[in-house]
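Data first, discussion second: the structure below is written as structure tokens.
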């Protein structure tokens, strides 16, 4: 299913996007050395509930998972990169943490992910990897405009990732979003320009470049959800929900500006 949102729905999408971004930034500020991943999940639940929103993850049960996800935010640490299921573990100085959050507010979903290093350590390789996914995300957004095709976005993202020397996995990538979290079209993180679905104003897309330091192969934890690099190398993931407009693309998952 591919949805094209009307102006009223787009206004609600902006509110959902701002909520996701604000929650992620609050979680980032609170996450520190010795923070438990289950505390992060509880904080996310509290903020989602307080906003009158609904988690897209608690009842999420796709074919590749093992039963409902059962938590409110994905917490992926170090070699974990996607669908990191919160569990009883504490963060340590220098850990690379990815938080991935999607909520439904007034019938419209928004989805975003951020990666950052916890504590005072600043491992150069981790910082470089995070910055690369952020640059790839910016390139994908720049390529998203009316009349362009999904392949143009994939190509823009993949060019940045491959030029930085990272292998690219194509099993999981970006996706359409709207009244549900995951919709068509799928967007691999590399591709050929000029191919795929043609973008139209009102289309919402979640772009999410992610990489593993030295492999494109994923392995699944015994929890049936958490995906890790097959080599144990570190990972990074950046994601925004955008709306295709008459003039290009608008990022919806930006934090609310300070008053």
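Residue numbers (this note's numbering): 1108 to 1366.
Virtual Cβ for every residue (Gly too), placed ideally from N, Cα, C.
The model shown is predicted, which means the values in this text are computed figures rather than measured ones.
Residue i, buried or exposed, once every other Cβ within 10 Å from all chains shown has been counted against 16
| i | result |
| --- | --- |
| residue 1346 | buried |
| residue 1176 | buried |
| residue 1169 | exposed |
| residue 1153 | exposed |
| residue 1188 | buried |
| residue 1185 | buried |
| residue 1141 | exposed |
| residue 1222 | buried |
| residue 1097 | This structure leaves residue 1097 out entirely; the chain is present only between 1108 and 1366. |
| residue 1109 | exposed |
| residue 1295 | buried |
| residue 1256 | buried |
| residue 1259 | buried |
| residue 1360 | buried |
| residue 1118 | exposed |
| residue 1350 | buried |
| residue 1196 | exposed |
Contact under 8 Å by Cβ, residue i with residue j
| i | j | result |
| --- | --- | --- |
| residue 1280 | residue 1293 | yes |
| residue 1265 | residue 1240 | no |
| residue 1311 | residue 1128 | no |
| residue 1251 | residue 1282 | no |
| residue 1137 | residue 1332 | no |
| residue 1212 | residue 1151 | no |
| residue 1231 | residue 1344 | no |
| residue 1190 | residue 1145 | no |
| residue 1192 | residue 1291 | no |
| residue 1337 | residue 1210 | no |
| residue 1284 | residue 1353 | no |
| residue 1268 | residue 1318 | yes |
| residue 1198 | residue 1224 | no |
| residue 1216 | residue 1163 | yes |
| residue 1226 | residue 1139 | yes |
From the options, residue whose alpha carbon lies closest to that of residue i
| i | options | result |
| --- | --- | --- |
| residue 1246 | 1253, 1315, 1254, 1178 | 1315 |
| residue 1368 | 1303, 1150, 1236 | Residue 1368 is absent from the model: the chain starts at 1108 and stops at 1366. |
| residue 1270 | 1253, 1291, 1324, 1242 | 1242 |
| residue 1207 | 1334, 1131, 1244 | 1131 |
| residue 1365 | 1117, 1125, 1163 | 1125 |
| residue 1355 | 1224, 1249, 1215, 1118 | 1249 |
| residue 1303 | 1326, 1254, 1325, 1318 | 1254 |
| residue 1277 | 1215, 1324, 1284 | 1324 |
| residue 1167 | 1155, 1225, 1180 | 1180 |
| residue 1161 | 1260, 1214, 1149, 1203 | 1214 |
| residue 1112 | 1357, 1328, 1321, 1308 | 1308 |
| residue 1178 | 1148, 1284, 1155 | 1148 |
| residue 1201 | 1234, 1217, 1218, 1171 | 1234 |
| residue 1272 | 1288, 1228, 1321, 1299 | 1321 |
| residue 1288 | 1165, 1143, 1134 | 1165 |
| residue 1335 | 1183, 1135, 1139, 1275 | 1183 |
| residue 1171 | 1327, 1358, 1348 | 1327 |
| residue 1205 | 1274, 1228, 1134, 1275 | 1134 |
Residue i CB to nearest heavy atom of the ligand PLP below 7 Å
| i | result |
| --- | --- |
| residue 1165 | Absent from the structure shown: the ligand PLP. Ligands present: none. |
Chain C within 8 Å of residue i, Cβ atoms only
| i | result |
| --- | --- |
| residue 1176 | Absent from the structure: chain C. Only one protein chain is present. |
Length at least 4, wholly inside the segment 1237-1319: the alpha helix (DSSP H) runs in chain order: Runs of the alpha helix (DSSP H) inside the segment 1237-1319: 1257-1270.
Considering only residues of the segment 1205-1236, which uninterrupted beta strand (DSSP E) runs meet the minimum length of 3 residues and lie entirely inside it, listed in chain order? The segment 1205-1236 contains these whole beta strand (DSSP E) runs: 1215-1224.
Identify every run of the alpha helix (DSSP H) within the segment 1130-1210, keeping only runs that are complete inside it and at least 4 residues long; order them along the chain. Inside the segment 1130-1210, DSSP marks whole alpha helix (DSSP H) runs of 4 or more residues at positions 1144-1157, from first to last along the chain.
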